[in-house]
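Number of protein chains: 2
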Amino acid sequence: MRSRPTMSDIAGIVGVHVSTVSRALDPKTCHLISPEIVAKVGEVAAKLGFRPNAAGASLRTNRSRTIGIVVPDITDPVFPPMIRGVEDVLSERGYAVVLANTDGDEAREAEVVASMLARSVDGLALASSRYEDKLIPRIGDVPVVTVFRETTKPVAPCVVFDENCGIRHALTHLVSLGHRRIANIAGPRTISTGYSRWEAFERHRREMKLPLDKRLVVFADGFNEQEGERCAETLLARTSDFTAILCANDRLAVGVIDVLKRYGLRCPDDVSVTGFNDMPYAGRFVPALTTVRVQQYKAGWEAARLLLDAIETGPGRRGKPARIVLPVELVVRGSTQQVASKAPPRTRRRLAAAR
Amino acid sequence: MRSRPTMSDIAGIVGVHVSTVSRALDPKTCHLISPEIVAKVGEVAAKLGFRPNAAGASLRTNRSRTIGIVVPDITDPVFPPMIRGVEDVLSERGYAVVLANTDGDEAREAEVVASMLARSVDGLALASSRYEDKLIPRIGDVPVVTVFRETTKPVAPCVVFDENCGIRHALTHLVSLGHRRIANIAGPRTISTGYSRWEAFERHRREMKLPLDKRLVVFADGFNEQEGERCAETLLARTSDFTAILCANDRLAVGVIDVLKRYGLRCPDDVSVTGFNDMPYAGRFVPALTTVRVQQYKAGWEAARLLLDAIETGPGRRGKPARIVLPVELVVRGSTQQVASKAPPRTRRRLAAAR
DNA sequence: CGGCGCAATGCAAAGGTTTGCATTGGGCCG
DNA sequence: CGGCCCAATGCAAACCTTTGCATTGCGCCG
Numbered sequence: 296m297r298s299r300p301t302m303s304d305i306a307g308i309v310g311v312h313v314s315t316v317s318r319a320l321d322p323k324t325c326h327l328i329s330p331e332i333v334a335k336v337g338e339v340a341a342k343l344g345f346r347p348n349a350a351g352a353s354l355r356t357n358r359s360r361t362i363g364i365v366v367p368d369i370t371d372p373v374f375p376p377m378i379r380g381v382e383d384v385l386s387e388r389g390y391a392v393v394l395a396n397t398d399g400d401e402a403r404e405a406e407v408v409a410s411m412l413a414r415s416v417d418g419l420a421l422a423s424s425r426y427e428d429k430l431i432p433r434i435g436d437v438p439v440v441t442v443f444r445e446t447t448k449p450v451a452p453c454v455v456f457d458e459n460c461g462i463r464h465a466l467t468h469l470v471s472l473g474h475r476r477i478a479n480i481a482g483p484r485t486i487s488t489g490y491s492r493w494e495a496f497e498r499h500r501r502e503m504k505l506p507l508d509k510r511l512v513v514f515a516d517g518f519n520e521q522e523g524e525r526c527a528e529t530l531l532a533r534t535s536d537f538t539a540i541l542c543a544n545d546r547l548a549v550g551v552i553d554v555l556k557r558y559g560l561r562c563p564d565d566v567s568v569t570g571f572n573d574m575p576y577a578g579r580f581v582p583a584l585t586t587v588r589v590q591q592y593k594a595g596w597e598a599a600r601l602l603l604d605a606i607e608t609g610p611g612r613r614g615k616p617a618r619i620v621l622p623v624e625l626v627v628r629g630s631t632q633q634v635a636s637k638a639p640p641r642t643r644r645r646l647a648a649a650r
Numbered sequence: 296m297r298s299r300p301t302m303s304d305i306a307g308i309v310g311v312h313v314s315t316v317s318r319a320l321d322p323k324t325c326h327l328i329s330p331e332i333v334a335k336v337g338e339v340a341a342k343l344g345f346r347p348n349a350a351g352a353s354l355r356t357n358r359s360r361t362i363g364i365v366v367p368d369i370t371d372p373v374f375p376p377m378i379r380g381v382e383d384v385l386s387e388r389g390y391a392v393v394l395a396n397t398d399g400d401e402a403r404e405a406e407v408v409a410s411m412l413a414r415s416v417d418g419l420a421l422a423s424s425r426y427e428d429k430l431i432p433r434i435g436d437v438p439v440v441t442v443f444r445e446t447t448k449p450v451a452p453c454v455v456f457d458e459n460c461g462i463r464h465a466l467t468h469l470v471s472l473g474h475r476r477i478a479n480i481a482g483p484r485t486i487s488t489g490y491s492r493w494e495a496f497e498r499h500r501r502e503m504k505l506p507l508d509k510r511l512v513v514f515a516d517g518f519n520e521q522e523g524e525r526c527a528e529t530l531l532a533r534t535s536d537f538t539a540i541l542c543a544n545d546r547l548a549v550g551v552i553d554v555l556k557r558y559g560l561r562c563p564d565d566v567s568v569t570g571f572n573d574m575p576y577a578g579r580f581v582p583a584l585t586t587v588r589v590q591q592y593k594a595g596w597e598a599a600r601l602l603l604d605a606i607e608t609g610p611g612r613r614g615k616p617a618r619i620v621l622p623v624e625l626v627v628r629g630s631t632q633q634v635a636s637k638a639p640p641r642t643r644r645r646l647a648a649a650r
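These protein sequences, in sequence, are chains A and B.
Okay, so the first sequence: first residue is 296 according to our numbering, each after it adds one.
Okay, so the second sequence: first residue is 296 according to our numbering, each after it adds one.
What follows is the structure, given as structure tokens:
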């Protein structure tokens, strides 16, 4: 069982020095070598099934043609399209992608980033950063971008969505349907999306002169169905004096709708609900989710481009890091509807009956 | 800007040889070194923020503590849970995961596998293999497992589902609802799941003495909604003499249901439809999908264990490779229903009207 | 015809870690 | 008290590639 052929093997066969082989095989340096030798080397390499040993190259060059992607949980449907976007850009340029999940845990994130740095990744795409992130500044000299999220201080380039605009669209839509008492299931404010969607809700609520009622705002501790359920329970325990619920994300909305149903409230007949992200299949749910569409794939795509720029132009740390804001789009579906004129009292009655 | 600290740096500070540092840092060899030195080395390493350079280690040992996962498309919801299962097992043991998509393209798969081999992955989990796979035998001496899929010749260990049992459950369920004329949207027979689900359908159709009608079987070229739509169109163009459609996977079923609706046929009122996989959120679709639940996460988990075994026990190529078959479970939801006594003629009439 | 420059190739070091073998020193047994 | 063994550590090679510099040989210009 011969082990993997190396450049020395090729050099031996062709009868040249190993450095010649190295140059012949590299498109950027093969012009230095006579065409015949380049041809012969290529031929022998192919016959032997030669594959350059990445470890050797990495050791010498301190680069690995590998980048890391860190997400909270690949099982959350918003991430796969983003990851795919990154991979599509990068694999075309010969980069490999190493992936890790953190479950939103800060310590775990530090671990996986360390493990990636140990593997000499050339760049990192973080979709798991917190709004006040302590980790990124300590990463040092490997390029980092954040995707879907950003940090309070612009410490790394980021690709984010126009959250403010998205929330404004959703709220405007609800108001145009006659809703005035609108609850907000907000995301965790420790995460930029959670924070800015909540902030946008408050801003536009004021501007649209909707009534202020602190009971109508509940903060989730995570972006998932379970938290959506918990928050809906909390909300309903406080009051049922609302006709619509704006949720900071689709999965929260799904959980909320489940609880409404459990309490005998129908969506959208009794309560309209909006989500955010337009996650895959959101249009096939029952009810089909009215939500804000974001370009998940594009975000990954842009993040990868940013990363490539940073990697290939070196540490151009001049001025502020780039901040790409992708436009969003409201998608109106079945989970929102014109407010029923007599909705609030009826809601209350049903709720009482369900207890 | 100091570059990354190395073992030499630590050795210099502590005043020992670099090999001593190496041994002190490795849990498997640190018993060879006096406890005081181990402590001091650990201390200095921590202070310096030392991270072993994986390239150096990999060069020396020919192992990288990295494994590769190859999937057709991470955007297909069945894969993320599986990937997560692999990662959970592996990351705990200090392995990193590199991920690649192939879009089911054979050449692309060869490419990404080559790129992973160049990076000295210690193992490969393939969810993209074809039934007659030419690639795996050429991989050589790095352990491979296939997940979700298998090959005709048992050339590598695999983790698959009990497809036969799943199809039997689905078919039994439909028959118990009074369906007799049942169409089959089968998957590509070039893929083991496609092949064995189709084969199981035929076997159990015979055993249950359901009528044989070749027009009722349509083969998809891929497991996605678009192919589901195409196949449904094909089926309807041939005949509408059926009351149920058994689909080889959920995404096909989703596409099928779309087309039925477009033709004015309601699911489940006019036609019952079953899927396979119970992909995430399949229970929230409209109609909620009756389908066969498979353990995606568990499959990844088992695959990772198999891989670890193979990696750590060396090439124990004795006997046939392991074949783990995970049990499945029928999940009855809203897309199937008792056959309407007058369904077939009515179906036909509606179909005619839609044209 | 001599010298210069350039094209093609060789040389050797470097990069960080691991590991078989060598060395040292101390303790223990005979 | 001498010899032996073991524990602790050092030494050096090996893993494979890249790359700055050296070398060679040839062609061309002056």
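Beta carbons: idealized from backbone N, C-alpha and C, even for Gly.
Bounding residues of the alpha helix (DSSP H) (the contiguous stretch that carries residue i)
i              : result
F374 (chain B) : F374 to E387
A635 (chain A) : First-last for A635 (chain A): undefined, no H or E at that position.
V551 (chain B) : D545 to R557
T356 (chain A) : A349 to T356
T488 (chain A) : S487 to E502
A405 (chain B) : E401 to A413
Beta-carbon gap between residue i and residue j smaller than 7 Å
i              : j              : result
T538 (chain A) : V634 (chain A) : yes
V313 (chain B) : M302 (chain B) : yes
R460 (chain A) : V623 (chain A) : One detail in the question is off: residue 460 (chain A) reads as Cys in this sequence, not Arg. Cβ atoms of C460 (chain A) and V623 (chain A): closer than 7 Å.
D573 (chain A) : V626 (chain A) : yes
A583 (chain A) : R546 (chain A) : no
P483 (chain A) : D457 (chain A) : no
S415 (chain A) : A350 (chain B) : yes
S418 (chain B) : P432 (chain B) : A small fix is needed here, since residue 418 (chain B) is Gly in this sequence, not Ser. In this structure, P432 (chain B) does not lie closer than 7 Å to G418 (chain B) by Cβ.
Y558 (chain A) : P376 (chain A) : no
Pairwise C-alpha distance: residue j and residue i
i              : j              : result
R475 (chain B) : P372 (chain A) : 37 Å
E404 (chain B) : G363 (chain A) : 21 Å
L320 (chain A) : V333 (chain A) : 7 Å
H499 (chain B) : V566 (chain A) : 47 Å
I540 (chain A) : T397 (chain A) : 29 Å
G307 (chain A) : F345 (chain A) : 14 Å
R579 (chain A) : A594 (chain B) : 27 Å
G523 (chain B) : T485 (chain A) : 42 Å
T441 (chain A) : F374 (chain A) : 13 Å
D604 (chain B) : L531 (chain A) : 51 Å
A495 (chain A) : T569 (chain A) : 15 Å
C526 (chain A) : D536 (chain A) : 15 Å
R501 (chain A) : S410 (chain B) : 55 Å
R600 (chain B) : A617 (chain A) : 42 Å
A340 (chain A) : E427 (chain B) : 28 Å
Y576 (chain A) : E497 (chain B) : 31 Å
V561 (chain A) : L555 (chain B) : Going by the sequence as given, residue 561 (chain A) is Arg instead of Val. If I take the Cα positions, the gap works out to 27 Å.
S471 (chain A) : V589 (chain A) : 22 Å
E387 (chain B) : L412 (chain A) : 17 Å
T249 (chain B) : I619 (chain A) : No statement about residue 249 (chain B) is possible, as the shown extent of chain B runs from 296 to 650 and does not include it.
Residue range of the beta strand (DSSP E) that includes residue i
i              : result
V311 (chain B) : It is not in any beta strand (DSSP E) - V311 (chain B) carries neither H nor E in the DSSP assignment.
G578 (chain B) : Counting along the chain, G578 (chain B) falls outside any beta strand (DSSP E), and DSSP gives it neither H nor E.
T324 (chain A) : Where T324 (chain A) is concerned, there is no enclosing beta strand (DSSP E), given that its DSSP letter is neither H nor E.
F514 (chain B) : V512 to F514
Residues that residue i bridges to, as DSSP identifies them
i              : result
P540 (chain A) : For the sequence presented, residue 540 (chain A) should be read as Ile rather than Pro. Answer is A:A478 and A:V568.
E624 (chain B) : B:R588
G363 (chain A) : A:V393 and A:L419
R618 (chain A) : A:C453
V440 (chain B) : B:A420
Point to revise | Residues from the segment 562-577 of chain A in contact with chain B, defined by Cβ distance under 8 Å | key: Within the segment 562-577 of chain A, P575 and Y576 place their CB atoms closer than 8 Å to a CB of chain B, listed in sequence order.
**Study point:** chain A contacts made by the segment 303-334 of chain B, where a contact means CB separation under 7 Å
**Key:** Using a CB distance below 7 Å, no part of the segment 303-334 of chain B faces chain A.
Check your understanding: Between the segment 332-355 of chain B and chain A, which residues of the former have CB atoms less than 9 Å from a CB of the latter, in chain order?
Key -> Result list: G344, R346, P347, N348, A349, A350, G351, A352, S353, L354 and R355.
Check your understanding: Name the residues in the segment 402-414 of chain B whose C-beta lies less than 8 Å from a C-beta of chain A; which are they?
Key -> When C-beta distances to chain A are compared with 8 Å, the residues of the segment 402-414 of chain B below that value are V407, A409, S410, M411, L412, A413 and R414, in chain order.
Point to revise | Residues within the segment 382-404 of chain A neighbouring chain B, beta-carbon criterion of under 7 Å | key: For the segment 382-404 of chain A, which is checked against every Cβ of chain B, the residues closer than 7 Å are E382, S386, A391, V392, V393, L394, A395 and N396.
Point to revise | Under 9 Å (Cβ pairs) to chain B, residues found in the segment 578-592 of chain A | key: Within the segment 578-592 of chain A, the qualifying residues are R579, F580, V581, P582, A583 and Y592.
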